[in-house]
Structure formats: C-alpha cells, structure tokens
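Numbering (the numbering used here), first residue to last: 5 to 536.
Pasting the structure below:
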C-alpha cells in the first residue's frame, strides 16, 4: 500500500520554497531520518526528487523492527537532472560488447577457388589482406573519410588484387602443388610502400605493394611505344619528365623463397628484428633472412630416422612479439614447445614444454584427434600463449607449464556428434584464434557461420553469426544460442540443425580498435562495436 506525501491544506507550495530548501539542506547534511521530519520533510523530498517522492509502508516482517522509527519510510527517486546526466553512462555500459555490421565483400564466382583461406590486418589496421584457394590476394583499405566517423570506422574497400601463386607440379614426386594461400603476414611499414609475405604449400613470396600516379616520358633510347631506338639516329638529348596519371596500385614480387620444404608449409612468422622470418611445415622449421633467397637455416627437425616411428607433426609456429630469439610451436599431440635460439643452432631441445594432463574420464577414440592444436598465438604483451584445439581455446602462462590458466569451451555441445564429424572429416578442421588489441578478449570460429568471443576479465562469452541477414548497414548482431536437448526456445537453434558446411575458420582483429574481420567461405564480413 502506498501513500503520497501531501502538502498541508490551504498552504500553496510557492510559500514554502525557502523552507523546503532549508529542510533539504539539513536532511542532506545532518542525515536526519525521513520519518522523523514529518510534512516538512515530504516537501523537501518533493523538491529533491522533482515532485515524485513516495512514502512506502515497510514489509510486514520488518514492521516490528521499525516500530521505534515509525511505520513509514521515505523513498527518494533520482532527480530528473541526475537522470539526464547519468543516463548516457548507463546506456554505454549496457551497449558495451554490442557489435554492428560494417562491411561485406564477396569474391566473384563462389566456387572452390574463391573460398577465403586466410585473413590478416597489417600493423596499423589500415589494410586488410585476404588469400583464397585460387592463389589470389585481395587487399582492402580503410576509408580515410570514415576514420573520424565512429559509425563508419569499419568501412573497407578493395585496394589491390593480384595473383600470388600459380598451381605447380612436382615431377619428382608426381604431386600437384596447390595455389592455395595458406598464410599472409605483414611487415611493418617503413616507407610509402607495403610489404607482405604469402605462402602456399611449398613457396614463400615477399610482395611489395605500392602506388603510382606518375609515369616517365621522354626517354632517349625508347620511343613513345616503348621500342628501342637506334643510338646513331639520336641527334638531341632529351631530359625525361614525369607526367601525371590515374592512381594505380602495383604488386611486385621482390623475393621468392622456394625449394626448402619437403612437406606442406602451415605457418610463417616475421621475427621482431624484421630481418628474418621462419616457415614451418609438418616436420621442420626453417629460418630465413629477407635478403637471402637461396639458403635457409633449419632450426627444428622432428623427422625420425624411421618414418614408421612418427608420432606427431608440427601444426603451427610463431615468433615471440618482443624477443627475437624465442619462438613457440605446437604439435598434433596437444603439446607446446618454447625454444630459445641462443641455446643452440638446432633447437632439438626445448626450453619449456606445455602440456595439460588428460582427464581419464573424458578418454575416447577421438581424444587424440580433438586434442591436436590447430593454432598458437602469443599475446601482444608476450606473457601468454593462446592455443586452439577442436573443442576449446586455452590460455597458457609462460611461467606455468603443467596446465593452462584459462580454458574456454567453444562448442562443447558437439562432443556427442564426434562420430558423425569424423565420418564427414569435419573433425579435422583447423580453426584459428585471435587476441584483441589489449589481450582481454579472445575470438575464434565455429560451425553454422558462428564465431565466439570470450572476455577474460568478466568471464562472459557471446556467440554471433556472420550471414547475409546481418549485412544491413549498422545492423546489430544478435547473440545466438545452441540448444542441446529438451525444449528449445524461440531464439535458440538445435544442435541437430547446425550446418557443418558453413564454418568460420579464419578471423582477424584490428590491432588497436574493436573492428573484426570474419571469413565465411567466399564472403568476408567486417564488424565493429557499437558506439553511442
């Protein structure tokens, strides 16, 4: 039961303004109980709360405790001016973690050659490169006009497209070498040009991407058509001049690093000294210098003398972001090895060995397959290592080798589907994982075009979907939930209706902003967090 505070009859409110102000002052400064102030305190509360104060009777179980203080207590709402002041702050808190659509790009054709196989931002986030199974590299550039517009800061347009690799044939082994781009890695920009590494199964190439808006004219030994002239016919010397032309983006291969890998390359990583990089295949890791194309140094070799004794293969490798002598590589057994190149030229002995003990209760026929690590990433700080296996993402502290400090279940609801996933080979899919710029959020992909984010600080996670339905301007991504069994809610999707042909294997996060790129077959989706 509620009663409203009333003004004494016959006395207008305007005559009590001064008294109300005094009562408000004493009520705030001295903390006088509202029930002991009577009608005057009600008027003060009306002034404090914009005329919306209420007297609320105590609950029955608390009446006995409040008899000494009275049966009525004063509830003062937030004043209207405070509500207007703090409403945006509350709104920002509620909207934190909301993602909206920014840009979508679809590779022409939609066939097998157009499926995106890698996605990578450069160090500034101004460029985004994608590689596909057809050996093409497509570079997107951020719109300069949209950088200062919060709602458009995730807009990217095509900047350059070039053919990086062509299909080849190994005549000695009678094997076809696919043109598929396995990895792309950017080098820090030193001048007006951009440099990136791209690799297929056998060959790594260093590409230079530059702009040209002028062309030289007036050569002495060349005609305007480009044909050579007879020097004996030249009677005058001309000074070549530069003529303006339409802007053109050129991609030229500056280095080709070939004939060093017997097995398929799965990883490349640029060292923090920016003079060397490493390439890893199933059994070996090689160290390259950017200036030397015909020689590399083998730093890891796990090939046994008898191939029948082979028990594991290298699945991923990466350099430390700050220490040029340290690198890490993962294996198909779910182990991670940290190596120091200062210890020996051949890092056949690791410095640290990270492995989580297996839970005997979860042991099954598929345990070894799902424990294989598909991706390994250092955090930007270099303190942590993140690994992705088939069902989980794990975060390891470099100072603790016996178990991960964090484990996130990506799609544990698929554990009952492992048999069918094994039959259609989906259990061998290699999902990647990425950090955000501050190492506080982890992102990785799943099936049905779902991708997941895990907040390490709040321990919250969200499942989002990359699809054409969400590709409307500024469309908000709605969280999705997967129902395992029992009754299914309207906003949930059953695990039996998941489409395993739609999968998010490759993702990328802007190095300093909340802008993400997600590759779904031949479609690239770019999302940004919502800004008020």
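Each residue gets a CB set at the ideal place from its N, CA and C atoms; glycine is no exception. Values in this document were obtained by computation on a predicted structure and should not be read as measured data.
- Shown here for residue 153: not one same chain residue has a beta carbon closer than 6 Å to its own, the five before and five after excluded.
- The beta-carbon distance between residue 448 and residue 437, rounded to whole angstroms, is 4 Å. This is short enough to meet the 8 Å contact definition.
- By the criterion of at least three beta-carbon pairs nearer than 8 Å, the stretch 502 to 512 is in contact with the stretch 441 to 460.
- Note on residue 158: 16 or more other CB atoms within 10 angstroms of its CB, so buried under the neighbour-count rule.
- The bridge partners DSSP lists for residue 199 are 212.
- Take the alpha-carbon of residue 478 and the one of residue 374: they are about 37 Å apart.
- When secondary structure is reduced to three states using DSSP, residue 249 falls in the strand class.
- Contact annotation: residue 511 and residue 123 have beta-carbon atoms nearer than 8 Å.
- Excluding the 5 residues flanking it on each side, residue 370 has same chain C-beta neighbours closer than 6 Å at 422, in chain order.
- Here the alpha carbons of residue 148 and residue 359 stand approximately 46 Å from one another.
- Here residue 262 carries a coil assignment [DSSP, helix/strand/coil].
- Here residue 398 carries a strand assignment [DSSP, helix/strand/coil].
- For the 8 Å CB-CB criterion, residue 400 and residue 388 form a contact.
- In the displayed model, residue 217 falls within a strand according to three-state DSSP.
- In the DSSP secondary-structure assignment, residue 527 is bridged to 110, 524.
- Distances from the CA of residue 297 to each of 274, 353, 500, 260 were compared; the closest alpha carbon is that of 260.
- Residue 226 and residue 249 have their C-alpha atoms spaced approximately 19 Å apart.
- Residue 257 has 211 as its beta-bridge partners, per DSSP.
- Taking one beta carbon from each stretch, the stretch 323 to 332 and the stretch 343 to 352 have 3 or more pairs nearer than 8 Å; the two touch.
- Residue environment for residue 169: buried (at least 16 other C-beta atoms within 10 angstroms of its C-beta).
- Within the stretch 313 to 362, the runs of beta strand (DSSP E) at least 3 residues long that lie entirely inside it are, in chain order, 318 to 323, 330 to 335, 340 to 344, 356 to 358.
- Around the CB of residue 458, 16 or more other CB atoms lie within 10 Å, so the residue is classed as buried.
- Residue state for residue 415 is assigned as coil, using DSSP reduced to three classes.
- Closest in alpha carbon position to residue 390, among 349, 424, 340, is 340.
- Buried is the label assigned to residue 201, since at least 16 other Cβ atoms lie within 10 Å of its Cβ.
- Pairing residue 312 with residue 335 gives a Cβ-Cβ distance that is not under 8 Å.
- The C-alpha of residue 177 lies about 14 Å from the C-alpha of residue 205.
- In the three-state reduction of the DSSP assignment, residue 275 falls in the coil class.
- With the rule of 3 Cβ pairs closer than 8 Å, the stretch 267 to 276 counts as touching the stretch 172 to 190.
- Distances from the alpha-carbon of residue 366 to those of 351, 443, 419 put 419 closest.
- DSSP lists 104, 519 as the beta-bridge partner residues of residue 532.
- Its Cα nearest to that of residue 485, the residue 417 stands out among 527, 535, 417.
- The stretch 214 to 221 and the stretch 234 to 247 touch, with no fewer than 3 CB-CB distances between them shorter than 8 Å.
- In this model, residue 386 and residue 258 are separated by some 30 Å (Cα to Cα).
- The shortest CA-to-CA distance from residue 350 to any of 378, 377, 306, 319 is the one to 306.
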